[in-house]
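Visitor:
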Amino acid sequence: MPQKIYNTKTRKKETLQPVSEGAVGMYVCGITAYDVCHVGHARAAVVFDVVFRHLKACGYNVTYVKNFTDIDDKIIDRANREGVTIRDISERFIQMHDEDMAALNVLKPTVTPKATEHMPEMIALIKTLEEKGIAYAVDGDVYFSVKDYPPYGGLSGRNVDEMVSGARVDINDKKKNPLDFALWKKSKEGEPFWESPWGQGRPGWHIECSAMSRRYLGETFDIHGGGEDLIFPHHENEIAQSQAASGKPLANYWIHNGFVKINAEKMSKSLGNIFPVREIIRQYHPEVLRLFMLQSHYRSPVDYSDASLAEARTALVRGYTALQQMKETLSRVAVEVSVKLEKVHQTYLSKLSEMQEKFDAALDDDFNTAQALGCVFEAARLVNQITTAEKKMPAPVKKVILAAAKTGFAHFSDVLGVFLSDPDVFFDSDRTIEVAKRSLDSTKIEALIAERQKARQDKDWQRADEIRQELAAQHVVLKDAADKTVWSIE
RNA sequence: GGCGGCAUAGCCAAGUGGCUAAGGCAGCGGUCUGCAAAACCGUUAUUCUCCGGUUCAAAUCCGGAUGCCGCCUCCA
């Protein structure tokens with residue numbers, strides 16, 4: 009099925025037709041490296057990671073570029089506050105960003121360029137704009153002249169005249185027009201600077217993305233992404249700069265992810281409701297956060313809360329429970345050369361392949377991860393039916409069906425970036441996190457479980473139940489299997 | 001003021017013209033179990049904020065009302 013993408017530029021779902029057949033160029037605006045990543049960054053990263061993974065799974069040769077802004081007012085401020093260099097700051101937070109992303113199973117983009125490493129490209133681009141009469145230099149600053157680029161406002165659906173009358177733009181005497189934006193800023197005393205035809209200074213924010221996307225993807229590429237807040241002014245300005253310079257469209261498809269909200273409010277420093285990724289993954293397995301994001305459509309806003317993460321955890325546990333049963337059954341049953349499948353058994357196999365088709369179709373339809381997850385959970389139910397409920401099914405038949413399910417799940421995991429752990433490793437890790445969160449003592453818990461096992465062997469059900477209740481009070485849930493008792497935190 | 005989005009069960013959330021309105025959480029009944037837990041089976045929206053319209057047919061398209069939200073200033 010052809011890939012459909014909702015294009016912010018046209019506000020419609022369109023069929024992806026790459027510039028060059030079989031290849032996709034994608035640029036996504038990355039972070040400004042001045043602080044740790046929060047849930048919002050995580051969402052954007054996960055959304056475009058799934059786009060990346062899915063397009064690759066579809067056979068496209070994807071070049072995914074995600075930049076780091078490593079020169080910016082906020083970085084300078086922080087460097088001054090801490091008395092270190094801007095490089096110290098940006099390197100520190102890029103490193104932490106990479107750690108967080110790795111924890112969330114976010115694949116490394118093909119290229120992760122940094123602004124400071126692309127000064128010549130930026131300066132060249134600004135020069136081109138200046139030569140074309142679309143940019144003007146004033147006292148060491150260079151501005152983009154919005155009135156000299158008539159299509160301005162095309163992406164965000166804004167009208168230049170109305171924006172001027174709206175007048176929520178900063179006052180700056182150097183600008184000819186309040187909507188004009190800086191391409192190059194003269195450096196102030198003590199600030200880091202680069203040499204340029206306009207003197208010592210540093211680039212404006214928007215120009216770096218124009219310069220780096222051009223460098224790695226060319227003048228026109230396929231997909232440009234970012235958070236919905238970037239539509240205006242950032243992406244609008246990128247389009248203006250790049251297209252004014254090249255005379256060609258910058259990107260054919262514009263994808264924007266929705267925001268993460270906290271209690272229906274915007275996350276912001278002033279509200280004090282920022283949730284850093286590294287804090288969240290101390291409370292929950294990273295895949296919990298990832299699953300939470302994938303449960304809703306990437307363009308909708310999501311409301312982050314502890315309750316919704318707890319719910320996502322339960323769902324994740326459900327999936328891993330199926331995987332664990334599958335693994336266990338597969339390891340137990342010996343391979344049989346020829347297995348006769350009856351019609352009922354064939355039904356399972358066809359249901360499985362139906363789930364896989366629906367899964368791919370969901371992602372083809374504007375990366376509908378929520379719908380795709382529906383297929384994953386239906387497949388999980390099917391696995392559970394095979395492993396537990398279908399007692400009459402011959403073991404070799406189970407093996408054949410579960411092997412097919414395993415292949416299907418491998419695909420689901422590969423594309424969504426969840427259910428990637430070994431189930432036993434996942435449960436261990438989940439339990440460790442929960443034990444720490446509730447300040448429990450696993451040694452004591454296990455001692456009680458051992459005591460209960462003895463009581464059970466002696467058929468002292470009263471004592472066994474007493475211990476179970478005692479543990480339940482600490483949120484410890486027991487699961488009695490034939491030979492052992494496993495425990496988890498509810 | 002300008003631009004845009006959203007409203008589906010107790011909660012979260014897909015579905016955007018027509019088969020039984022996915023899936024997850026929670027609830028209820030059953031199977032299994034010493035009892036549980038997990039799993040499985042069954043059940044939980046005659047209906048998609050409200051009012052009109054188009055159509056043989058609408059949650060889905062059009063118009064209006066109400067409510068919530070985002071962007072227009074750094075922001076994923």
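This note's numbering numbers the first residue of the first sequence as 9 and each following residue consecutively.
Beta carbons are placed, not taken as given, at the ideal position from N, Cα and C, and that holds for glycine.
These figures come from a predicted structure and were not determined experimentally.
#1: Using only CA atoms, which one of Gly-48, Tyr-42 and Gly-38 lies nearest to Glu-273?
#2: From what residue to what residue does the alpha helix (DSSP H) around Ala-330 run?
#3: Terminal residues of the continuous alpha helix (DSSP H) containing Ser-361?
#4: Check the C-beta distance from Gly-233 over to Ile-282 and give it rounded, since I have them as a contact under 8 Å.
#5: Can you list, in chain order, the residues of its chain whose CB lies under 7 Å from that of Arg-464, leaving out five sequence neighbours each side?
#6: Taking the straight line between their C-alpha atoms, what separation do you get for Lys-500 and Ala-31?
#7: Given this structure, state the Cα-to-Cα distance separating Asp-368 from His-242, to the nearest angstrom.
#8: So Thr-377 is in the alpha helix (DSSP H); what residue range does that whole segment cover?
#9: Who are the near neighbours of Gly-416 in its chain, counting only those whose CB is closer than 7 Å to its CB and skipping five residues on each side?
#10: What do you reckon, is the C-beta of Ser-496 under 6 Å from a heavy atom of the ligand MN?
#11: Could you pull the start and end residues of the alpha helix (DSSP H) that Phe-420 belongs to?
#12: Considering only their Cβ atoms, is the gap separating Ile-134 from Tyr-157 smaller than 7 Å?
#13: What are the boundary residues of the alpha helix (DSSP H) that includes Gly-33?
#14: Please look up how many angstroms separate the CB atoms of Pro-479 and Leu-456, rounded, as I've assumed it's under 8 Å.
#15: Just the Cα atoms here: how many angstroms apart are Arg-95 and Ile-84?
#16: Is there contact here, the region 401 to 421 with the region 335 to 344, by at least three beta-carbon pairs under 8 Å?
#17: Report the rounded CA-to-CA distance for Phe-427 versus Arg-321, giving the unit in angstroms.
#18: Please state if the CB of Ser-308 and the CB of Phe-240 are separated by a distance shorter than 7 Å.
#19: Count the other CB atoms within 10 Å of the CB of Arg-176; is the residue buried (16 or more) or exposed (fewer)?
#20: Taking 8 Å as the threshold, find out whether the region 52 to 66 comes into contact with the region 430 to 447 through three or more Cβ pairs.
#21: I need the straight-line Cα distance from Val-44 to Lys-467, nearest angstrom please.
#22: In the DSSP assignment, what residue or residues form a beta bridge with Trp-262?
#23: Taking the straight line between their C-alpha atoms, what separation do you get for Pro-117 and Val-27?
#24: How about Leu-317 and Phe-300: are their beta carbons less than 7 Å apart?
#25: So, is Gly-33 buried or exposed, given that buried needs 16 or more other C-beta atoms within 10 angstroms?
#26: Do you know how far the Cα of Arg-290 is from the Cα of Ser-421?
#27: In its own chain, which residues sit with a C-beta less than 6 Å from the C-beta of Met-486, not counting the 5 before and 5 after it?
#28: Exposed or buried, Val-92, counting other C-beta atoms within 10 Å across all chains shown (16 or more means buried)?
#29: Assuming Thr-551 and Tyr-306 make a contact with CB atoms under 8 Å, what is their CB distance in whole Å?
#30: Name the residue from Arg-19, Ser-153, Met-109 and Ile-97 whose alpha carbon lies nearest to the alpha carbon of Arg-298.
#31: Tell me whether the beta-carbon of Lys-140 lies closer than 7 Å to the beta-carbon of Asp-374.
#32: Taking the alpha helix (DSSP H) that Ser-250 falls in, what are its first and last residues?
#33: Given a cut-off of 7 Å on the beta-carbon distance, is the pair Pro-128 and Met-220 in contact?
#34: For His-105, which option in Val-146, Gly-38, Gly-148 and Asp-181 has the closest C-alpha, if you only look at C-alpha atoms?
#35: Whose C-beta lies closer than 6 Å to the C-beta of Ala-481 among residues of the same chain, with five residues either side of it excluded?
#36: Closest to Arg-286 by C-alpha separation, out of Glu-138, Ala-50, Pro-159 and Phe-56, would be which residue?
Guide: Based on what the coordinates show:
#1: The residue you call residue 273 lines up with position 265 of the first sequence. Per the Cα distances, Gly-48.
#2: To locate residue 330, count along the first sequence from 1; it is residue 322. Where Ala-330 is concerned, the enclosing alpha helix (DSSP H) stretches over 314 to 340.
#3: In the first sequence, residue 361 corresponds to position 353, counting from 1. Where Ser-361 is concerned, the enclosing alpha helix (DSSP H) stretches over 351 to 372.
#4: On the first sequence, residue 233 is found 225 positions in, with the first residue counted as 1. On the first sequence, residue 282 is found 274 positions in, with the first residue counted as 1. Not confirmed; about 22 Å, so no contact.
#5: As a first step, residue 464 must be located in the first sequence, where it is residue number 456. Excluding positions up to five away in sequence, the list reads Ala-472.
#6: Outside the displayed span of the chain (9 to 498) sits residue 500, for which this structure offers no information.
#7: For the purposes of this step, residue 368 is taken as the residue at position 360 of the first sequence. For the purposes of this step, residue 242 is taken as the residue at position 234 of the first sequence. Asp-368 and His-242: Cα-Cα distance of roughly 32 Å.
#8: For the purposes of this step, residue 377 is identified with residue 369 of the first sequence, where counting begins at 1. That run of the alpha helix (DSSP H) goes 377 to 392.
#9: The residue labelled residue 416 in the question sits at position 408 within the first sequence. Only Leu-360, Met-363, Gln-364 and Ala-387 meet the Cβ criterion.
#10: No copy of the ligand MN appears in this structure; indeed no ligand is present at all.
#11: Taking the first sequence and counting its residues from 1, one reaches residue 420 at position 412. Element bounds for Phe-420: 403 to 424.
#12: Translated into positions along the first sequence, residue 157 becomes position 149. Translated into positions along the first sequence, residue 134 becomes position 126. For Tyr-157 and Ile-134, no; Cβs fall outside 7 Å.
#13: The count along the first sequence starts at 1 and reaches residue 33 at position 25. Segment 31 to 36 is the beta strand (DSSP E) holding Gly-33; no alpha helix (DSSP H) there.
#14: Counting from one through the first sequence, the residue named residue 479 turns up at place 471. Counting from one through the first sequence, the residue named residue 456 turns up at place 448. The amino acid at residue 479 is misidentified as Pro; the sequence shows Leu. About 6 Å; that satisfies the 8 Å criterion.
#15: Along the first sequence, read from residue 1 onward, the residue named residue 95 stands at position 87. Along the first sequence, read from residue 1 onward, the residue named residue 84 stands at position 76. For Arg-95 and Ile-84, the distance between alpha carbons rounds to 9 Å.
#16: yes
#17: In the first sequence, counting from the first residue as 1, residue 427 sits at position 419. In the first sequence, counting from the first residue as 1, residue 321 sits at position 313. Each residue's alpha carbon lies about 12 Å from the other.
#18: Taking the first sequence and counting its residues from 1, one reaches residue 240 at position 232. Taking the first sequence and counting its residues from 1, one reaches residue 308 at position 300. No.
#19: The residue you call residue 176 lines up with position 168 of the first sequence. Because the pLDDT of Arg-176 is 48, which lies under 50, any placement of that residue in the model is unreliable, and the question is left without a value.
#20: no
#21: Taking the first sequence and counting its residues from 1, one reaches residue 44 at position 36. Taking the first sequence and counting its residues from 1, one reaches residue 467 at position 459. Approximately 54 Å between the Cα atoms of the pair.
#22: Working through the first sequence from its first residue, we reach residue 262 at position 254. Note: Trp-262 sits in a beta bridge opposite His-232.
#23: What you label residue 117 is simply residue 109 of the first sequence in a count that begins at 1. What you label residue 27 is simply residue 19 of the first sequence in a count that begins at 1. Distance between the alpha carbons of Pro-117 and Val-27: 20 Å.
#24: Working through the first sequence from its first residue, we reach residue 317 at position 309. Working through the first sequence from its first residue, we reach residue 300 at position 292. Going by C-beta atoms, Leu-317 is nearer than 7 Å to Phe-300.
#25: Here the question's residue 33 lines up with position 25 in the first sequence. It counts as buried.
#26: In the first sequence, residue 421 corresponds to position 413, counting from 1. In the first sequence, residue 290 corresponds to position 282, counting from 1. Between Ser-421 and Arg-290, the C-alpha separation is close to 23 Å.
#27: Here the question's residue 486 lines up with position 478 in the first sequence. The sequence shown places Leu at residue 486, rather than the Met named in the question. Only Arg-476, Thr-493 and Trp-495 meet the Cβ criterion.
#28: Indexing the first sequence from 1 puts residue 92 at position 84. The residue in question, Val-92, is exposed, as its Cβ has fewer than 16 Cβ neighbours within 10 Å.
#29: There is simply no residue 551 to check, as the chain begins at 9 and stops at 498 in what is shown.
#30: Against the first sequence, residue 298 aligns to sequence position 290. Closest option to Arg-298, Cα to Cα, is Met-109.
#31: For this step, residue 140 is matched to residue 132 along the first sequence. For this step, residue 374 is matched to residue 366 along the first sequence. Contact: no.
#32: Start at 1 with the first residue of the first sequence, and residue 250 comes out as number 242. That run of the alpha helix (DSSP H) goes 244 to 254.
#33: Within the first sequence, numbered from 1, the residue matching residue 128 stands at position 120. Within the first sequence, numbered from 1, the residue matching residue 220 stands at position 212. No. Outside cutoff.
#34: In the first sequence, the residue the question calls residue 105 occupies position 97. The candidate whose alpha carbon is nearest that of His-105 is Gly-38.
#35: Locating residue 481 in the first sequence gives position 473, counting from the first residue. For Ala-481, where only same-chain residues beyond five positions count, there are no Cβ hits under 6 Å.
#36: If you number the first sequence from 1, residue 286 lands on position 278. The candidate whose alpha carbon is nearest that of Arg-286 is Ala-50.
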